[in-house]
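**Student:** Its first residue numbered 11, the sequence shown is counted upward by one per residue in our numbering.
Once you've had a glance at the structure underneath, I'll fire off some questions.
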Amino acid sequence: ALCNSCKLHGRWAEALYMMAATSRQGLELDNFTCSALISVCDQGTPRWEQAPWLLEEMRQRGLKPNTINYNAIVSSWCRAKEWQKPLLMLSEMQVPGSMPDAVQLVISYNGAIAACELDGRWEYALAILGDMQRRSLQPNEITYGVVIGVCRRSEKWEQALCALSEMREHRLQADMICYRAAVSACDQCGEWQWA
11 ALCNSCKLHG RWAEALYMMA ATSRQGLELD NFTCSALISV CDQGTPRWEQ APWLLEEMRQ
71 RGLKPNTINY NAIVSSWCRA KEWQKPLLML SEMQVPGSMP DAVQLVISYN GAIAACELDG
131 RWEYALAILG DMQRRSLQPN EITYGVVIGV CRRSEKWEQA LCALSEMREH RLQADMICYR
191 AAVSACDQCG EWQWA
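Laid out in structure tokens, this is it:
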């Protein structure tokens with residue numbers, strides 16, 4: 011409850027103090043509380059640079075970060091337009107012995123792709139999509155929607171249409187947002203005949 015209150019009011023410093031105080035008082039933290047603390051760093055005046063410190067603090071306390079913790083950090087980095095950091099986080103999540111839940115891992119990949127969209131890094135977005143497929147993870151509609159959005163923003167109409175086509179191959183239903191993004195990518199590049 012205290013974490014949520016800190017998050018609601020953007021009181022990241024108080025949340026970090028609370029984490030330090032639990033150690034001094036011999037109180038235990040769990041992954042849920044740590045995710046809430048990480049999320050606090052994303053509110054109000056974003057302090058995304060504190061999020062990895064919280065992850066390390068978890069490890070020092072004997073907690074094994076899970077995909078929910080990682081996703082909270084990826085979300086924080088996306089808002090800060092730190093597109094490179096989620097890519098590093100994905101490789102950290104692949105450490106042997108850390109078998110993240112596939113659904114949560116897809117969410118992590120989607121977050122990394124979204125971070126690429128904010129900075130127009132379409133090449134990385136497509137590479138992340140390829141990495142998902144190499145790891146036998148099933149991209150979902152959100153994955154492709156974000157990839158198409160990155161391609162639209164970067165004026166890569168051919169890649170946007172390829173992603174749309176790939177969705178159909180995987181029997182995923184494209185929504186109006188995906189179609190609009192693909193059409194917009196074609197239109198921006200003067201390739202309206204493909205739209």
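Ideal placement from N, C-alpha and C gives every residue a C-beta, glycine not left out.
Does DSSP put C199 in a helix, in a strand, or in coil?
**Tutor:** Three-state DSSP puts C199 in coil, outside helix and strand.
**Student:** Kindly indicate which residue of Y119, C88, Q114 and E127 has the alpha-carbon position closest to the one of S164.
**Tutor:** E127
**Student:** Using 10 angstroms around the beta-carbon of V113, count the other beta-carbons present and answer buried if the total reaches 16, otherwise exposed.
**Tutor:** exposed
**Student:** So the candidates are V193, M142, E151 and A90; which of them puts its Cα closest to the Cα of R178?
**Tutor:** E151
**Student:** Helix, strand or coil: how does DSSP classify R144 here?
**Tutor:** helix
**Student:** Between the beta-carbon of P75 and the beta-carbon of R69, is there less than 8 Å?
**Tutor:** yes
**Student:** Counting pairs of Cβ atoms below 8 Å between the segment 123-142 and the segment 179-198, do you hit three or more?
**Tutor:** The segment 123-142 is not in contact with the segment 179-198.
**Student:** In three-state terms, what does DSSP make of R163?
**Tutor:** Here R163 carries a helix assignment [DSSP, helix/strand/coil].
**Student:** Three-state secondary structure (DSSP) at A192?
**Tutor:** helix
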